[in-house]
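Take a look at the structure below.
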Amino acid sequence: MVQYWYNVQTHEVEEDAQSDWSQLIGPYPTRAEAERALEKVQERNRAWEAQDEE
2 MVQYWYNVQT
12 HEVEEDAQSD
22 WSQLIGPYPT
32 RAEAERALEK
42 VQERNRAWEA
52 QDEE
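Numbering (my numbering), first residue to last: 2 to 55.
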């Protein structure tokens with residue numbers, strides 16, 4: 002089964018983690034989800050910040 006990773010240095014999606022783990026976000030089941038990795042991280046951060054404010 003192929004897994005997809007988002008590389009935060011190159012801003013590219015990788016199949017099966019080709020780079021150092023410190024540069025990767027994932028794994029994701031599809032390329033499309035990996036492409037949205039930074040978007041998902043930002044959404045989670047906003048949700049956590051909203052919880053902290055409450």
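Just so it is clear, CB atoms sit at the ideal spot from N, CA and C, and this is done for glycine as well.
Using a Cβ-Cβ distance under 8 angstroms, would residue i count as near chain C?
| i | result |
| --- | --- |
| Pro30 | Annotation note: the requested chain C is absent from the structure, which comprises a single protein chain. |
If we ignore side chains and look at the alpha-carbon of each, how far apart do residue i and residue j end up?
| i | j | result |
| --- | --- | --- |
| Ala38 | Asp21 | 17 angstroms |
| Tyr29 | Ala51 | 26 angstroms |
| Glu36 | Gly27 | 10 angstroms |
Hey, could you find the ends of the alpha helix (DSSP H) residue i is sitting in?
| i | result |
| --- | --- |
| Val42 | 38-54 |
Are there 16 or more other CB atoms within 10 angstroms of the CB of residue i, so buried, or fewer, so exposed?
| i | result |
| --- | --- |
| Glu55 | exposed |
| Trp49 | exposed |
| Glu15 | buried |
Pull up the CB-CB distance for residue i and residue j, whole angstroms please, since I reckon it's below 8 angstroms.
| i | j | result |
| --- | --- | --- |
| Thr31 | Tyr5 | 6 angstroms |
Just reading off the beta strand (DSSP E) that residue i is part of, what are its end residues?
| i | result |
| --- | --- |
| Trp6 | 5-8 |
| Pro30 | It is not in any beta strand (DSSP E) - Pro30 carries neither H nor E in the DSSP assignment. |
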